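**Student:**
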Amino acid sequence: MKFLFYFLSFALTLGYLLLFEYNAKLKKFKYAKQIFAGVLIALFIVRYFCLYRDFSIKNVYGMHFNDIDMLPYLGIDKFSSILLLIADFLSLTMFVTASMSLFFGKMRYVDAFIKYVFPIGSVLCLIFVEKIHDVLAVHILVANGAYEDYFDSRFLYMAMLMTECGAYLAVSVNKWREQIAEGYYKDKRNFAVKHFLIGIAVGLCMLAATMPAYFLQFTFGKLPGTTYAYDLNPTHRIFVYLMFVIPLSMYFILRNRDEKVIRFALIYLSVGTMITFSADYSYKTLTDISTWPFHLCNTAMYVVPICLIFKWKKLFYFTYFLNVFGAILAMLMPNYSETQNLLSYGFVRFWINHWCAFFFPLLIVALGQFTRPNIKLFGASMLWFFVYYVLVLFLNVYFTALGKESDYFFINSTFIADKLGSWAKQLFNLSASFTIGGIEFVFHPLYQLLYYVSYIILGFGMWFVYELFFSISAEHRELQGKLKKIRLDKYAALSKLNGRSIEEPMDPNSGTTLVLNNFSKRYGTNKYYSVHDVSLTVYGGEIFGFLGPNGAGKSTIIKSIVGIQPITEGSISVCGYDCAMQPVMSKRQIGYVPDHYALYEKLTGREYINYIADIFEVSKEDRDARISEYVRLFELEESIDSQIKTYSHGMKQKITIISALVHNPKIWILDEPLTGLDPTSIFQVKECMRRHAAEGNIVFFSSHLIDVVEKLCDRIGIIRKGELQCVKTLEEIESQSSLEQFYMKTIGETVAEKPVDQSMKVFAK
Numbered sequence: 070m071k072f073l074f075y076f077l078s079f080a081l082t083l084g085y086l087l088l089f090e091y092n093a094k095l096k097k098f099k100y101a102k103q104i105f106a107g108v109l110i111a112l113f114i115v116r117y118f119c120l121y122r123d124f125s126i127k128n129v130y131g132m133h134f135n136d137i138d139m140l141p142y143l144g145i146d147k148f149s150s151i152l153l154l155i156a157d158f159l160s161l162t163m164f165v166t167a168s169m170s171l172f173f174g175k176m177r178y179v180d181a182f183i184k185y186v187f188p189i190g191s192v193l194c195l196i197f198v199e200k201i202h203d204v205l206a207v208h209i210l211v212a213n214g215a216y217e218d219y220f221d222s223r224f225l226y227m228a229m230l231m232t233e234c235g236a237y238l239a240v241s242v243n244k245w246r247e248q249i250a251e252g253y254y255k256d257k258r259n260f261a262v263k264h265f266l267i268g269i270a271v272g273l274c275m276l277a278a279t280m281p282a283y284f285l286q287f288t289f290g291k292l293p294g295t296t297y298a299y300d301l302n303p304t305h306r307i308f309v310y311l312m313f314v315i316p317l318s319m320y321f322i323l324r325n326r327d328e329k330v331i332r333f334a335l336i337y338l339s340v341g342t343m344i345t346f347s348a349d350y351s352y353k354t355l356t357d358i359s360t361w362p363f364h365l366c367n368t369a370m371y372v373v374p375i376c377l378i379f380k381w382k383k384l385f386y387f388t389y390f391l392n393v394f395g396a397i398l399a400m401l402m403p404n405y406s407e408t409q410n411l412l413s414y415g416f417v418r419f420w421i422n423h424w425c426a427f428f429f430p431l432l433i434v435a436l437g438q439f440t441r442p443n444i445k446l447f448g449a450s451m452l453w454f455f456v457y458y459v460l461v462l463f464l465n466v467y468f469t470a471l472g473k474e475s476d477y478f479f480i481n482s483t484f485i486a487d488k489l490g491s492w493a494k495q496l497f498n499l500s501a502s503f504t505i506g507g508i509e510f511v512f513h514p515l516y517q518l519l520y521y522v523s524y525i526i527l528g529f530g531m532w533f534v535y536e537l538f539f540s541i542s543a544e545h546r547e548l549q550g551k552l553k554k555i556r557l558d559k560y561a562a563l564s565k566l567n568g569r570s571i572e573e574p575m576d577p578n579s580g581t582t583l584v585l586n587n588f589s590k591r592y593g594t595n596k597y598y599s600v601h602d603v604s605l606t607v608y609g610g611e612i613f614g615f616l617g618p619n620g621a622g623k624s625t626i627i628k629s630i631v632g633i634q635p636i637t638e639g640s641i642s643v644c645g646y647d648c649a650m651q652p653v654m655s656k657r658q659i660g661y662v663p664d665h666y667a668l669y670e671k672l673t674g675r676e677y678i679n680y681i682a683d684i685f686e687v688s689k690e691d692r693d694a695r696i697s698e699y700v701r702l703f704e705l706e707e708s709i710d711s712q713i714k715t716y717s718h719g720m721k722q723k724i725t726i727i728s729a730l731v732h733n734p735k736i737w738i739l740d741e742p743l744t745g746l747d748p749t750s751i752f753q754v755k756e757c758m759r760r761h762a763a764e765g766n767i768v769f770f771s772s773h774l775i776d777v778v779e780k781l782c783d784r785i786g787i788i789r790k791g792e793l794q795c796v797k798t799l800e801e802i803e804s805q806s807s808l809e810q811f812y813m814k815t816i817g818e819t820v821a822e823k824p825v826d827q828s829m830k831v832f833a834k
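Taken in order, the sequence shown gives residues 70 to 834; the numbers are from the working numbering.
1. Quick check: the Cα distance between GLU792 and VAL603, rounded to an integer number of angstroms?
2. Restricting to Cα atoms, I'd like to know which of ARG441, PRO281 and ASP783 is closest to PHE416.
3. With burial defined as no fewer than 16 other Cβ atoms inside 10 Å of the residue's Cβ, what is the status of PRO293: buried or exposed?
4. With DSSP collapsed to three states, give me the class of ILE816.
5. I'd like the list of long-range same chain contacts for TRP245, defined as Cβ closer than 7 Å, with 5 residues on each side in sequence excluded.
6. What do you reckon, are the CB atoms on ALA348 and ALA396 nearer than 8 Å?
7. Taking DSSP as the reference, what is the three-state secondary structure of PHE512?
8. Quick one: what's got a C-beta closer than 8 Å to PHE685's C-beta in the same chain, skipping five residues either side?
9. Taking one C-beta from the region 651 to 666 and one from the region 733 to 744 each time, how about it: are there three or more such pairs within less than 8 Å?
10. Whose C-alpha, out of TYR477, LEU112, ALA270 and SER191, is nearest the C-alpha of PRO362?
11. Please list, in chain order, all residues of the same chain as ILE681 whose beta carbon is under 7 Å from its beta carbon, the five residues on each side excluded.
12. Drop a sphere of 10 angstroms on the beta-carbon of ILE444, count the other beta-carbons inside from all chains shown, and report buried for 16 or more, exposed for fewer.
13. Express the C-alpha separation of THR162 and LEU489 in angstroms, rounding to a whole number.
14. Thinking C-alpha only, which one of VAL115, ASN465, GLY437 and MET575 is nearest LEU225?
15. Under the three-state reduction of DSSP, which class applies to TRP737: helix, strand or coil?
16. Measure the alpha-carbon distance for GLU611 versus ASN766 and round it to whole angstroms.
17. I'd like the span of the alpha helix (DSSP H) that includes GLN103, first residue to last.
18. Between which two residues does the alpha helix (DSSP H) harbouring ASN33 extend?
19. On the DSSP bridge list, what partners appear for SER450?
20. What would DSSP say about PHE703, mapped onto helix, strand or coil?
21. Please list the terminal residues of the continuous alpha helix (DSSP H) segment that includes ASN679.
22. Helix or strand or just coil, what does DSSP make of SER771?
23. To the nearest whole angstrom, what separates the beta carbons of PHE30 and MET531, a pair I think is in contact under 8 Å?
24. Restricting to Cα atoms, I'd like to know which of ARG760, ASN410, GLU764 and LYS721 is closest to THR744.
25. Drop a sphere of 10 angstroms on the beta-carbon of ILE713, count the other beta-carbons inside from all chains shown, and report buried for 16 or more, exposed for fewer.
26. Between the C-alpha atoms of GLU217 and ILE344, what's the straight-line distance to the nearest angstrom?
27. How long is the line joining the alpha carbons of TYR677 and LEU668, rounded to whole angstroms?
28. Using 8 Å as the Cβ pair cut-off and three pairs as the minimum, do the region 405 to 416 and the region 270 to 288 touch?
29. What would DSSP say about VAL796, mapped onto helix, strand or coil?
30. Would you decide whether ILE336 is buried or exposed? Buried here means 16 or more other CB atoms lie within 10 Å of its CB.
31. Buried or exposed: GLU233, going by 16 or more other Cβ atoms within 10 Å of its Cβ?
32. Using beta-carbon positions only, say whether LYS559 and MET654 come within less than 8 Å of one another.
33. Alpha carbons only, please: which of VAL309, SER807 and GLY622 is nearest the one belonging to LYS590?
34. Examine the Cβ distances between the region 496 to 503 and the region 541 to 548 and report whether three or more of them are shorter than 8 Å.
35. Between TYR812 and the ligand PLP, is the CB less than 7 Å from at least one heavy atom?
36. Beta-carbon separation of VAL607 and LEU583 under 8 Å?
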């Protein structure tokens, strides 16, 4: 009979492979692999949860109270028992990996695990399929008086497991076939030691995620001595610390991975731990509501994978706000025996459950699978919590009245009250009861109401703690993204330079130019562009004026040119240097005067300018000459050596301008430089702009003072709602109308003809 099953497994493997090959060539069934995965999932559920009627899988195997040293009494040697245990372990791992890989497709290290581990696991399962049940299960089931039932299902079990093994072998062989066809084994880089070591690490993590809770006790036996984890003793604290170490380690491992890898890892871990946690349950559990996992942390083992797989946000935030805090309390006040052995099934299952309930929701948000919640989602979660609380309150009272011990959420006993003191126990003892249909329902209204309110308040407080960590996480991810982009831009620049130094311009023939080529800017995840498809070239010797209403995009363009903000699309070139790929060399060509200066006001004006000169590596001779020149121009002789905090607004603006010019930049960019200045200061700044442009440099500035732009600029650009409307010389504009009328017409406004203010003419000269 056994050989018949082996033949069945071989035939199924061959059939699966032919199906994969047929579908790969004809591409006839778009969802063939997903359907195959669905069948595999259904098969596993029947075998794991439904095959033994009243018995859960842990009772079938008997591994939750046996260990290897007991196996000789059950008629099996230790070596075979180790292989048997590995086969059982790998059957879980292979199921989760195979079913998920059929949905996710190609992933380097998961594919390697499938290729090398699946054949070993499948062969072990095929060899030991009889021993798993003929040795272990028969003793457990005979003791429970179900010997005949066991043999009725024995051959069905063998058929189902061999069918699964055939599927696993087919998936493995198919991976080999695909990679051979793609030339994977011809590329020596795929066999680097680094990939080998990473592959081993990934494989160990995948095994750990699906480790049965009875594995440690069955393998190593119970720990001798009196080492227990209770009442925050040193051993207990180690397990509490691990609730932070595990998620932080996972975060740093996954934070730089792509979306597909992160999603696979989180679903794999949640599904794997859910299955191992479910070893206590059989299909019979569903027929008796008193055995359902209504404990809050128990529900998390099922809610989290469901939310991840189906992206159910509202259900996720319920577990986020409630399970995390509940798991913390449970780990600080565990409800297992004070003498629970550290390797026992119950102990391991408890910590797997509560570690996952604690860190999964936080890790999922930290890795960007769900957004950080807001107060509206908190309110919705509290509404669901009210429904849950009322449900378990009623179930506790109802099951207790029927003689079934029930204490969901620990609101029907003094478990929590004992830890809070005598006042809590006295409050619990204030009970109210009534009888319906001969059944007495006993409540503890004040205690249970206070419990509910306190939990909401503490949960709300913990939310702010989570937000602190998420803020750190978000900033860290943003920094990592920027560093990654800098590295990629540098490699791209070196490739384009084709052997030339990174300090050489990308376009050596560009001269003194500022070029925006199809530049677009979008902030964050906003689908709308702040600036869209702007192309513009400014040449040496020009004073270029940039006009537009508030919020039109002037400052956005300027900040992207100087490197304060990243470029979304297109490119910006400064004197031939690409701003994205050569940011340092680009900045060396630029002097920038922002619309809101920020100076170190405890320094003197001279000290601050020298500080900026140090950054740009300006020689002492050059900086001294330029400082003297600009100090005379701006009439700062008497105040240059005073602290900046004693300066007026105009004097601070002049120091900002001098510091922007101390390295003699080829491109001088000013954002609203004349705002708030007196007439004398305006004249001095304009004179400085003319002199700098006359030396062959570019002066690029934005302003709202149209009359100043009209008298000062060679060309102007007008931007409206993020789009460049026109670029024209003053001669082209004034041949048709005044600049003011042209500007108003361009931005879609109308203005009546009016005489020019003569006082403004004085300032504009």
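Even for Gly, the Cβ is constructed at its ideal location relative to N, Cα and C. None of these values were measured; they are calculated from a predicted model.
**Tutor:** Here's the rundown:
1. 7 Å
2. PRO281
3. exposed
4. coil
5. LYS184
6. no
7. strand
8. ARG657, VAL731 and HIS732
9. yes
10. TYR477
11. SER728 and VAL731
12. exposed
13. 42 Å
14. VAL115
15. strand
16. 7 Å
17. 101 to 114
18. The requested residue 33 does not occur in the structure, where the chain is confined to residues 70 to 834.
19. Paired residues: none, contrary to the question.
20. coil
21. 674 to 684
22. strand
23. Only positions 70 to 834 of the chain appear in this structure, which leaves residue 30 out of reach.
24. LYS721
25. buried
26. Here GLU217 scores only 46 on pLDDT, less than 50, and its place in the model is too uncertain to base an answer on.
27. 8 Å
28. yes
29. strand
30. buried
31. buried
32. no
33. GLY622
34. no
35. Of ligands this structure carries none, so the ligand PLP is not represented either.
36. yes
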